[in-house]
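Enquirer:
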Amino acid sequence: MRNSDSTPSTVEMAIELGLSREEYAYICRKLERKPNFAELGIFSAMYSEHCSYKSSKRYFKRFPTTGKRVLQGPGENAGILDLGDGWAVAFKMESHNHPSYIEPYQGAATGVGGILRDIFTMGARPIANMDALFFGSPEDAKTHSLVRGVVKGIGDYGNCVGVPTVAGQTLFHPCYTANPLVNAFTLGIVKTEQILKGIAKGKDNIVMYVGSKTGRDGVHGATMASKEFSSEGELERPAVQVGDPFTEKLLLEATLEVAEQNLVVGIQDMGAAGLTSSSFEMAHRGASGLELNLDAIPQRETAMSAYELLLSESQERMLLVAEPKNLEKLKAIYDKWDLHAEVIGKVTEGSRVKMFSKGELVVDLPIELVVEPPMPERPQAAPSDLKQRWFLERNRMLATPLETKVLSLLKSLNFADVSPIIHQYDSMVGNRTLATVLDDASVLRLREIKSKNIRLALATDCNPRVCWLWPQEGGRRAVAEAALNVALRGAEPIGITDCLNFGSPENTEVMWQFAECVEGISQTCDFLKVPVISGNVSFYNETDGKPIYPTPMIGMVGVIEDNLPLPLSYCFSTELELGLIGPLVGGLGGSLFASEFFGRDCGQPEETDLTIVDRMIKWCQVIRRKKMTLALHDAADGGLLAACLEMAFRSPHECTGISLEIPHEADVDSFLFGETIPRVIAAYEPVERVDLEATSSRGGLKFHPIGSVNDSGRLKIFQGSAVVLDLAMKDIRSRWEQKYKVFF
């Protein structure tokens, strides 16, 4: 029998909706009554991990969140950094993991739609998207359809709205087979005087519903995202939203027009938990109450209950608060853009939200109780097999011929040309993109700032192998590598957003991983003076009790404040020398090579030296100002050999060859395949060598000549005078180019 909105709740109902017995008892005690069914739905959504961050919030105190550029830190729809001249940049990253497994196309598309709304809700015009995609084993029957669906969903939505997808990361690993990750990032620009916030205040100000009509799609999406999958259970398709990018474009333009005319007090996207989260969160920020008439909500389905109206996650909808005098102007703007704009309530004094349906008071709740659930003390424990994970059978590696080892790296799906994915996206719409994901970071021009030349560099980064083997180092390395990537394009790192993807917080090892990753992120941000200005936590990424690897994804933004040319990232000639700046050898623990060679992730990763990272970031600035003719690329996944090959494969010369010389004092495997951060490859004109070496030395960095670029069309590796490897570049490139093509 279907429950009515006013049906008194029971503990069994609460458990079915995802609340614990203890939480239900707490709610009843604080209310001094049992919540009705509609109210229980509110608590179930707002107490979910997805909305409340109840298991993670206490750890965020460790993040540095302030700085000279920070105009808005965590706690709003997006963070904002000052660019000067009255302009700022807003950005954030969100997850849409569970919906993308259930319905890959719509799950990914609505993930893009949601993060776009988080940005233009702040009054900012979105100008760039990035994504971070993690898929399972390609041998799994569903992986191919997941890749195609997710990529098409991201591409179609972003392309239709007219926001380019300019950068990202794609990785395959068996741990994501039944739980892929789809993380979406959007960046926008905003005049500082037009920044909007998600706040409800001012007694008798009107509350308006704008955008699309409400349907039953997405009901309990937040709750579904806050529990693990079971291979035996039914997939919750009704909990996945359905997006319409064309309506999103209309909503975007209408909202920016409203911001420009300064017509609203506050505005927020109806994202996770729909009307419930937007109304309670806006009221909480404004220290006000609300009264809402649910019958006034535009509906596209008949006989919708208050419960469904409150928890629907239908897309392209927003809640705004305005002074009554601006009502007609607001309605005229939204009517012009063919969108619904209806008054559904008012702001009140006090600290309660009251909602009416069919003349009946169906919701009457204290705001604090809804938005501040009890925070459980989740126990932590390091995995008992951690030292076993760190074991690396070095003797076996030493006894294996170099060609066998190189071929084991080349077969990896994670050493591959990502162009087949990138070509599904429009990366150039808007005419701002100067460099894309094929470089270490993408770069965008900003035409709006007239007083100075401003360009922005964007990058995403995370290495789940390292995070699983040593979570704190994984957190450190994610920030350090993202900062290095934007620096290699000439930018100063100025801020990050994060998307922290983990298994169940009820698992003691998962909570240990989470706390350690947060500590590593914080250490690097503190050292580099890069604030965390926004973010997202996605727990319960596991199936049948098997969690994914800890995946704390970092979205990094850097600023370039000059008009100097951007450094190249590929071999621009066949008459170049190659140099390595940074440590001569890298750590093999947690490396892509070790994983491919042994068929498992193993070894203790080497700790990132943040002093060297900071020196390298500053060195990149010095090199740009010297206007040297060179290309730069970091040696990360796959190590030095993979980085050199990538630089050669992007060369405009088909006959490009690479000769590498292993220094006599270097361990071969650590030199070619090690992944210590930071190691940077420079391809330069021979006449630049002396200056490059001197500049590196003055910057406190070591410079090592390691070989050359030529027109032989071959990969040759020398040890002393002996050739220890000789392979045709076209054969290696063919493997590199073909891997992702099987998905499209």
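Everything in the sequence shown is counted per the numbering used here, starting at 718 for the first residue and increasing by one.
From the three backbone atoms N, C-alpha and C, an ideal C-beta is built for every residue, glycine too.
#1: Quick check on Tyr1051: does DSSP put it in helix, strand or coil?
#2: First and last residue of the alpha helix (DSSP H) that includes Ala971?
#3: Please determine, among Asp799, Leu1026, Asp1448 and Glu1382, the residue with the shortest C-alpha to C-alpha distance to Glu1371.
#4: Under 8 Å, do Ser1308 and Glu1392 count as touching if we go by C-beta distance?
#5: Please give me, in chain order, every unbroken run of the beta strand (DSSP E) with length at least 3 that falls completely inside the segment 1213-1290.
#6: Pull up the CB-CB distance for Gly885 and Asp835, whole angstroms please, since I reckon it's below 8 Å.
#7: Any contact of the segment 813-821 with the segment 881-897, i.e. 3+ C-beta pairs under 8 Å?
#8: Does the Cβ-Cβ distance between Phe1435 and Glu1382 come in under 8 Å?
#9: Taking the continuous beta strand (DSSP E) assigned at Val1296, which residues delimit it?
#10: If you compare alpha carbons, which of Thr1153, Asp1326 and Asn1280 is closest to Arg1172?
#11: Taking three-plus beta-carbon pairs below 8 Å as touching, is the segment 1259-1269 in contact with the segment 1335-1344?
#12: What do you reckon, are the CB atoms on Ala1200 and Ile1334 nearer than 8 Å?
#13: Per the contact definition of three or more C-beta pairs closer than 8 Å, is the segment 1221-1231 in contact with the segment 1084-1104?
#14: Let's test the definition: count the other Cβ atoms within 10 Å of the Cβ of Asn1218 and tell me whether it reaches 16, buried, or not, exposed.
#15: My output table needs one value for Val787: the three-state DSSP class, helix, strand or coil.
#16: Within the continuous beta strand (DSSP E) that includes Ile1375, where are the two ends?
#17: Roughly how many whole angstroms lie between the Cα atoms of Tyr1287 and Ala1360?
#18: Residues bridged to Gln985 by DSSP?
#19: DSSP three-state call for Ser773: helix, strand or coil?
#20: Assess, as a yes-or-no matter, whether the segment 920-939 is touched by the segment 1059-1079 under the definition of 3 or more beta carbon pairs within less than 8 Å.
#21: Under three-state DSSP, which class holds Arg1193?
#22: Kindly indicate if chain C contains any beta-carbon less than 8 Å away from that of Val1123.
#23: CB-CB under 8 Å to Lys1167, same chain, minus the five flanking residues each way: which ones, in chain order?
#24: How far does the alpha helix (DSSP H) with Pro1181 in it reach, from first residue to last?
#25: Rounded to whole angstroms, what's the CA-CA distance from Met839 to Gly870? Just pull it up for me.
#26: How many whole angstroms separate the CB atoms of Pro1091 and Glu756, which I take to be in contact at a CB cut-off of 8 Å?
#27: Ile1394 and Ala1353: beta carbons closer than 8 Å?
#28: Less than 6 Å between C-beta atoms, sequence neighbours within five positions excluded: which residues of the same chain meet that for Ala976?
#29: Which partner residues of Lys1433 appear in the DSSP bridge assignment?
#30: Would DSSP call His813 helix, strand or coil?
#31: What does Trp804 pair with, by DSSP beta-bridge criteria?
#32: Enumerate in chain order the residues of its own chain whose CB-to-CB distance from Thr783 is below 7 Å, with the five nearest sequence positions on each side excluded.
#33: With H, G and I counted as helix, E and B as strand and the rest as coil, what does DSSP make of His1370?
#34: Only counting the same chain, and skipping five residues up and downstream in sequence, which positions put a Cβ closer than 6 Å to that of Trp1187?
#35: By alpha-carbon positions, which one of Ser723, Cys1319, Ser773 and Gly1272 ends up nearest to Lys1221?
#36: Alpha carbon to alpha carbon, how far is Glu951 from Ile819?
Expert: In terms of the structure at hand:
#1: Taking the first residue of the sequence shown as position 1, residue 1051 is located at position 334. If DSSP states are grouped into helix, strand and coil, Tyr1051 belongs with the helices.
#2: Here residue 971 is taken as the residue at index 254 of the sequence shown, counted from 1. Residues Pro962 to Glu977.
#3: Taking the sequence shown and counting its residues from 1, one reaches residue 1371 at position 654. When C-alpha distances from Glu1371 are compared across Asp799, Leu1026, Asp1448 and Glu1382, the shortest belongs to Asp1448.
#4: Along the sequence shown, read from residue 1 onward, the residue named residue 1308 stands at position 591. Along the sequence shown, read from residue 1 onward, the residue named residue 1392 stands at position 675. Between Ser1308 and Glu1392, the CB-CB gap stays under 8 Å.
#5: Entirely contained in the segment 1213-1290, the beta strand (DSSP E) runs reaching 3 residues are, in chain order, 1249-1255 and 1268-1277.
#6: For the purposes of this step, residue 885 is taken as the residue at position 168 of the sequence shown. For the purposes of this step, residue 835 is taken as the residue at position 118 of the sequence shown. Not confirmed; about 18 Å, so no contact.
#7: Look at the beta carbons and you see the segment 813-821 touching the segment 881-897: at least three pairs across the two are nearer than 8 Å.
#8: What you label residue 1435 is simply residue 718 of the sequence shown in a count that begins at 1. What you label residue 1382 is simply residue 665 of the sequence shown in a count that begins at 1. Note that the C-beta distance between Phe1435 and Glu1382 is not below 8 Å.
#9: Within the sequence shown, the letter at position 579 stands for residue 1296. A small fix is needed here, since residue 1296 is Gly in this sequence, not Val. Counted as a single uninterrupted DSSP element, the beta strand (DSSP E) harbouring Gly1296 occupies residues Leu1293 to Ile1298.
#10: In the sequence shown, the residue the question calls residue 1172 occupies position 455. The option with the nearest alpha carbon to Arg1172 is Asn1280.
#11: Judged by pairs of C-beta atoms under 8 Å, the segment 1259-1269 does not touch the segment 1335-1344, as fewer than three such pairs exist.
#12: In the sequence shown, residue 1200 corresponds to position 483, counting from 1. In the sequence shown, residue 1334 corresponds to position 617, counting from 1. It is a contact, given that the beta carbons lie within the stated cut-off.
#13: With three or more CB-CB distances shorter than 8 Å, the segment 1084-1104 counts as touching the segment 1221-1231.
#14: For the purposes of this step, residue 1218 is identified with residue 501 of the sequence shown, where counting begins at 1. Of the other Cβ atoms in all chains shown, 16 or more fall within 10 Å of the Cβ of Asn1218; this residue is therefore buried.
#15: On the sequence shown, residue 787 is found 70 positions in, with the first residue counted as 1. Reduced to three states, the DSSP call for Val787 is strand.
#16: Start at 1 with the first residue of the sequence shown, and residue 1375 comes out as number 658. Start and end: Gly1374 to Ile1379.
#17: In the sequence shown, counting from the first residue as 1, residue 1287 sits at position 570. In the sequence shown, counting from the first residue as 1, residue 1360 sits at position 643. Roughly 10 Å between the two C-alpha positions.
#18: Translated into the one-based positions of the sequence shown, residue 985 becomes position 268. Note: Gln985 sits in a beta bridge opposite Leu1036.
#19: Position 56 of the sequence shown, counting from 1, holds the residue named residue 773. Coil at Ser773, not helix or strand.
#20: Between the segment 1059-1079 and the segment 920-939, the count of C-beta pairs closer than 8 Å reaches three or more; the two stretches touch.
#21: In the sequence shown, residue 1193 corresponds to position 476, counting from 1. In this structure, Arg1193 counts as helix in the three-state DSSP scheme.
#22: In summary, chain C is missing from the structure at hand, where a single protein chain is found.
#23: As a first step, residue 1167 is located in the sequence shown; it is residue number 450 there, counting from the start. Correct list, in chain order: Asp802.
#24: Translated into positions along the sequence shown, residue 1181 becomes position 464. Unbroken alpha helix (DSSP H) run through Pro1181: Pro1181 to Leu1186.
#25: Counted from its first residue, the sequence shown places residue 839 at position 122. Counted from its first residue, the sequence shown places residue 870 at position 153. Computed Cα separation, rounded: 24 Å.
#26: Taking the sequence shown and counting its residues from 1, the one referred to as residue 1091 is at position 374. Taking the sequence shown and counting its residues from 1, the one referred to as residue 756 is at position 39. By a beta-carbon distance limit of 8 Å, Pro1091 does not contact Glu756. Their separation comes to about 17 Å.
#27: The residue you call residue 1394 lines up with position 677 of the sequence shown. The residue you call residue 1353 lines up with position 636 of the sequence shown. Yes, Cβ-Cβ distance for Ile1394 and Ala1353 is below 8 Å.
#28: Locating residue 976 in the sequence shown gives position 259, where the first residue counts as 1. Only Gly840, Gln911 and Leu913 meet the Cβ criterion.
#29: Taking the first residue of the sequence shown as position 1, residue 1433 is located at position 716. According to DSSP, which records beta bridges pairwise, Lys1433 is partnered with Ser1376 and Asp1443.
#30: Residue numbering aside, residue 813 sits at position 96 when the sequence shown is read from its first letter. His813: coil per DSSP, three-state reduction.
#31: Counting from one through the sequence shown, the residue named residue 804 turns up at place 87. BP columns for Trp804 point to Gly801 and Lys908.
#32: As a working mapping, residue 783 is identified with position 66 in the sequence shown. So the qualifying residues of the chain are Gly790 and Pro1248.
#33: The count along the sequence shown starts at 1 and reaches residue 1370 at position 653. Three-state DSSP puts His1370 in coil, outside helix and strand.
#34: Position 470 of the sequence shown, counting from 1, holds the residue named residue 1187. Closer than 6 Å at Cβ, skipping near neighbours: Pro1322.
#35: One-based indexing of the sequence shown puts residue 1221 at position 504. Before going further, note that residue 1221 is Ser rather than Lys in the sequence given. Checked all of Ser723, Cys1319, Ser773 and Gly1272; the closest Cα to Ser1221 is Ser773.
#36: What you label residue 951 is simply residue 234 of the sequence shown in a count that begins at 1. What you label residue 819 is simply residue 102 of the sequence shown in a count that begins at 1. With a pLDDT of 47 at Glu951, under the threshold of 50, the predicted position of this residue should be treated as unreliable, though the coordinate-derived value follows. One C-alpha to the other measures close to 10 Å.
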